[in-house]
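Student:
2 protein chains.
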Amino acid sequence: MKTSSTVQLAAAVALVSTHLLLPTAHAQPRQQGPQVVSPEVAADGRITFRILAPNAGEVKVGGSDIPGIGQNGLMTKGTNGVWEVIVGPVQPGAYRYNFNVDGVSVIDPRSSNVSESNNNVWSLVHVPGAEWMDTQIVPRGSVAEVTYYSSSLKRFRRMHVYTPPGYESGEGRFPVFYLLHGAGDCDDSWTTVGRAGFILDNLIAAGNARPMVVVMPAGHAGPFRFGGPRPAVDEFSQDFLNDIMPHVEKNYRVHTDRKNRAIAGLSMGGAQTLNVGVPHLDKFAYLGVYSSGVFGIVRRPDRPAPEGPSFEEQHQAVLADAKLKEGLKLFWFATGKDDFLVETSRATVEMFKKHNFDVVYNEGEGGHTWIVWREYLKEFAPQLFQ
Amino acid sequence: MKTSSTVQLAAAVALVSTHLLLPTAHAQPRQQGPQVVSPEVAADGRITFRILAPNAGEVKVGGSDIPGIGQNGLMTKGTNGVWEVIVGPVQPGAYRYNFNVDGVSVIDPRSSNVSESNNNVWSLVHVPGAEWMDTQIVPRGSVAEVTYYSSSLKRFRRMHVYTPPGYESGEGRFPVFYLLHGAGDCDDSWTTVGRAGFILDNLIAAGNARPMVVVMPAGHAGPFRFGGPRPAVDEFSQDFLNDIMPHVEKNYRVHTDRKNRAIAGLSMGGAQTLNVGVPHLDKFAYLGVYSSGVFGIVRRPDRPAPEGPSFEEQHQAVLADAKLKEGLKLFWFATGKDDFLVETSRATVEMFKKHNFDVVYNEGEGGHTWIVWREYLKEFAPQLFQ
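Chains as they are written, first to last, in the working numbering: chain U, 226 to 611; chain L, 226 to 611.
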């Protein structure tokens, strides 16, 4: 059906675009420069990164989880002003990256695939090949951005909420899993680089996980602190308990009893899981701590001793309560051997075991990266609400 | 409640962050460079943009809707390597912008607020002060990212879906409004720069619009074409009719009769609204065309004559069908006087009037910008499903 309106549309699209895209050099449709494709993922998992920067003196690509480019990532300038580097083969997964052009951090101007972080944005490249986190033809859930007013923090906050296949068309209540991010991340991160929605879709489609609502809140309760004055209260716990949970339980069809509620997090989010979950153990039947533990449990000679009572001292009553432990169906830790927090994880696990908690601890390969966090989600989610 | 775990957390957050954020220069927590804040919105609506680029020779800021910076936007370098410019006062709204550093397009490295476009990403700054599109303390809907497999296009596609306050916790069916973006945009654009979710929340809270599901699909059915070979079929219409609508009607609690279905779009999306809506007028009771019309209806001496039958000739039967017109409750056009498509809008309105359509046409101030498109949504949505 070749119609004249199609013809007219194509002509007008070109016309419209010259108007809409004028302000940026790279978006100029009729520019004379080379057409740059970036990133380009080959079938063998090698990734070619490219950026047009004819006037630059040095261009690098950086990405914490991509082997070999973390420290250098120097790119080579071609005769056409396009800088290029090939990395990998890289194992299947999602990877954040950006460019550094003469000292300025630059996301890939040729890609609209991004992952928000705590205070910046990364470009994102997906290397397919791992079925459990690939985009598959299966019934799909969706991930919503939800803005709520935090009465605890006196400002608007955002969370991401995964609803499973069938939720939006159906009825009935679902169990709820709160999934927390790390210090370098934001509430968008589990959805983008973490591929949480795709992992859950695939697990549910295979019958390996129960349909559940997954709530991914924003973990940074204040401006990010590099030291400085300590907050007088645990602002995240207040926001979580007074605002996030009530908002979810009011606005979503979720069960509100302990056995249908789970919480887990990575790194900072793992510590928050313990800070929220242990004092309120009556509310959670499942706790997951990824690449984390009680922060500060391992004394470091180069740091001042923590002030005040330890985590263990603060939560004596809960730690001694046998009845509370009965309702805790899973207390699951996982940390990689190369993780800089592995000692923290081990010491935390030992502390809870000493108090007769039935702790599962997986210490496998890997470091403090999204490569293992996606796998931890894949291992943890099937164990929930069974 | 000053606890030792809070203290330990603050210390460990700093520790963790040095590990997580290493790869990018700007994210170095312990860098010696100045702390850059950007963008900074003053109470009077002036915006200060800043970027650290000590080695750059020329830095500009660009943003199509921000007065005064569209063409030049030159920034001034301070002694500390931070480039700065103050613009405005700017009227309340959301504005896309980016930097151009020695010819390289750069989003703001100090902001995680972004708006995806057709093939790139913009930084986004929100200037509050217009209550109807501000983030207000009202019952909130949510906006979900939904991935579906398009059997028409043989690939995965994404759409954004707004569900109104009460949808996620409740039951019952809602009317559905399909809202299409322009050529320079993607399915994310109405949600970010368009603030559609906030506009709907505010309208619904004030009792000025009915709760409805708003579906924002991806309009570019193929790689963006700047001329070149024309597609043999109207791929977007196929995707819309065969995949998007069925996916929504299967997965959401929406009514599926004509009087509960609306479609509107801006620019390219307005032309698509006519291309989808007119041949299938039995399916839609509300059509909205923002800053658009039948593309090519106005002959331009500098362009070749369109081939084949005109839109009017193609759709003779529908245009003549009085019974179909009876069920069309609103056929609404709006275009700004300064819009380069204003003649297209006028000619399209005249053509439909000639065929006895009851067309509403608003020709107000403004050009081909998101400034008017947000206002058109605010004016159009209250008229739906009444």
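C-beta atoms are modelled at their ideal positions from N, C-alpha and C, and glycine is treated no differently.
Source: prediction; values computed, not measured.
List the residues of chain L that U:I332 touches, going by C-beta distances under 7 angstroms, in chain order.
Tutor: The contacting residues are I332, V346.
Student: If I'm right that U:L349 touches U:R321 with Cβ under 8 angstroms, what's the distance once you round it to whole angstroms?
Tutor: That pair is a contact at about 6 angstroms.
Student: Excluding sequence positions up to five away, which residues of its chain have a Cβ less than 8 angstroms from the Cβ of L:V310?
Tutor: T273, F274, V286, I294, G298, L299, M300, T301.
Student: Given a threshold of 16 other Cβ atoms within 10 Å of its Cβ, counted over all protein chains shown, does U:N323 qualify as buried or as exposed?
Tutor: That one is buried.
Student: What residues in the segment 365–380 of chain U have a beta carbon less than 7 angstroms from any beta carbon of chain L?
Tutor: If the cut-off is 7 angstroms between Cβ atoms, the segment 365–380 of chain U has R365, S367, V368, A369, E370, V371, T372, Y373, Y374 near chain L.
Student: Could you tell me whether the segment 416–436 of chain L touches the segment 506–525 of chain U, where touching means 3 or more Cβ pairs closer than 8 angstroms?
Tutor: Taking 8 angstroms as the limit for Cβ pairs, the verdict is that the segment 506–525 of chain U does not touch the segment 416–436 of chain L.
Student: Can you name the start and end residues of the beta strand (DSSP E) that U:L404 belongs to?
Tutor: 401–405 is the span of the beta strand (DSSP E), which, as asked, contains U:L404.
Student: Going along chain U, which residues have a C-beta under 9 angstroms from L:N305?
Tutor: Simply none; closest approach about 13 angstroms.
Student: Below 9 angstroms between beta carbons: does that hold for U:F381 and U:Y392?
Tutor: Not closer than 9 angstroms, so no.
Student: Let's see if you can read the secondary structure: which residues bound the alpha helix (DSSP H) around L:P471?
Tutor: Run containing L:P471: 470–476, per the alpha helix (DSSP H) assignment.
Student: Within the continuous beta strand (DSSP E) that includes L:G366, where are the two ends?
Tutor: Looking at the DSSP string, L:G366 is not in any beta strand (DSSP E), and its letter there is neither H nor E.
Student: Near U:D564, which residues of its chain fall below 6 angstroms by C-beta distance, leaving aside the five closest residues on each side in sequence?
Tutor: Once the five neighbours on either side are set aside, the close Cβ partners of U:D564 are S516, G592, H593.
Student: For L:D327, would you say it is in contact with chain U, using Cβ-to-Cβ distances shorter than 9 angstroms as the test?
Tutor: Yes - at least one Cβ of chain U is within 9 angstroms of the one on L:D327.
Student: Hey, is L:F577's beta-carbon within less than 9 angstroms of any beta-carbon in chain U?
Tutor: For L:F577, the answer is no, since every Cβ of chain U falls outside 9 angstroms of its Cβ.
Student: Kindly say whether L:R478, judged by its beta-carbon, lies nearer than 9 angstroms to any beta-carbon of chain U.
Tutor: It does: the Cβ of L:R478 has a partner Cβ on chain U nearer than 9 angstroms.
Student: When you compare the segment 431–447 of chain U with the segment 525–540 of chain U, are there three or more beta-carbon pairs, one atom per stretch, that lie closer than 8 angstroms?
Tutor: The answer is no - the segment 525–540 of chain U does not touch the segment 431–447 of chain U, with fewer than three Cβ pairs under 8 angstroms.
Student: Out of L:N338, L:N344, L:G513, state which residue places its alpha-carbon closest to the alpha-carbon of U:N343.
Tutor: It is L:N338.
Student: Would you kindly work out how many angstroms separate the C-alpha atoms of L:N587 and L:M493, rounded to a whole number?
Tutor: Distance between the alpha carbons of L:N587 and L:M493: 18 angstroms.
Student: For the beta strand (DSSP E) that contains U:S330, what are its first and last residues?
Tutor: Residues 329–331.
Student: Helix, strand or coil for L:F536? Go by DSSP, reduced to three states.
Tutor: L:F536: helix per DSSP, three-state reduction.
Student: What do you get for L:R189, buried or exposed, if any count of 16 or more other CB atoms within 10 angstroms of its CB means buried?
Tutor: Any property of residue 189 of chain L remains undetermined from this structure, which presents chain L solely from 226 to 611.
Student: With the cut-off set at 9 angstroms, would you say U:A572 and U:G518 are in Cβ contact?
Tutor: Yes, the Cβ-Cβ distance between U:A572 and U:G518 is below 9 angstroms.
Student: Consult DSSP for U:M437 and reduce its assignment to one of helix, strand or coil.
Tutor: Coil at U:M437, not helix or strand.
Student: Based on the DSSP output, what are the partners of U:I291 in its beta bridges?
Tutor: Answer is none; U:I291 lacks a bridge partner.
Student: Just confirm the distance between the C-beta atoms of U:E341 and U:S263, as a whole number of angstroms; I'd bet it's less than 8 angstroms.
Tutor: Not quite, the Cβ-Cβ distance comes to about 20 angstroms (not below 8 angstroms), so this is no contact.
Student: Give me the residue from U:A510, U:R478, U:V312 with the minimum Cα distance to U:A487.
Tutor: It is U:A510.
Student: Beta-carbon within less than 7 angstroms of L:R335's beta-carbon, same chain only, minus the 5 sequence neighbours each way: which residues are those?
Tutor: Closer than 7 angstroms at Cβ, skipping near neighbours: V261, V262, S263.
Student: Could you give the DSSP three-state label for L:N323: helix, strand or coil?
Tutor: Correct three-state label for L:N323: strand.
Student: Less than 9 angstroms separating the beta-carbons of U:S377 and U:N500?
Tutor: No, Cβ-Cβ distance for U:S377 and U:N500 is not below 9 angstroms.
Student: Residue range of the alpha helix (DSSP H) that L:N427 falls in?
Tutor: Counting along the chain, the alpha helix (DSSP H) containing L:N427 begins and ends at 421–430.
Student: Relative to the C-alpha of L:E396, which residue among L:T388, L:F402, L:Y403 is closest?
Tutor: Among L:T388, L:F402, L:Y403, the Cα nearest to that of L:E396 is on L:T388.
Student: Report the three-state DSSP secondary structure of U:L349 (helix, strand or coil).
Tutor: U:L349 falls in the strand class under three-state DSSP.
Student: Name the DSSP bridge partner or partners of U:P442?
Tutor: DSSP output for U:P442 lists U:M384 as bridge partner(s).
Student: Grouping DSSP H, G and I as helix and E and B as strand, with all else coil, what is L:K508?
Tutor: In the structure shown, L:K508 sits in a helix (DSSP, three-state: H, G or I).
Student: Can you find a CB in chain L that lies within less than 9 angstroms of the CB of U:S263?
Tutor: False, the Cβ-Cβ gap to chain L never drops below 9 angstroms.
Student: Give me the residue from U:P442, U:A496, U:L566 with the minimum Cα distance to U:R525.
Tutor: Of the candidates U:P442, U:A496, U:L566, the one whose C-alpha sits nearest the C-alpha of U:R525 is U:L566.
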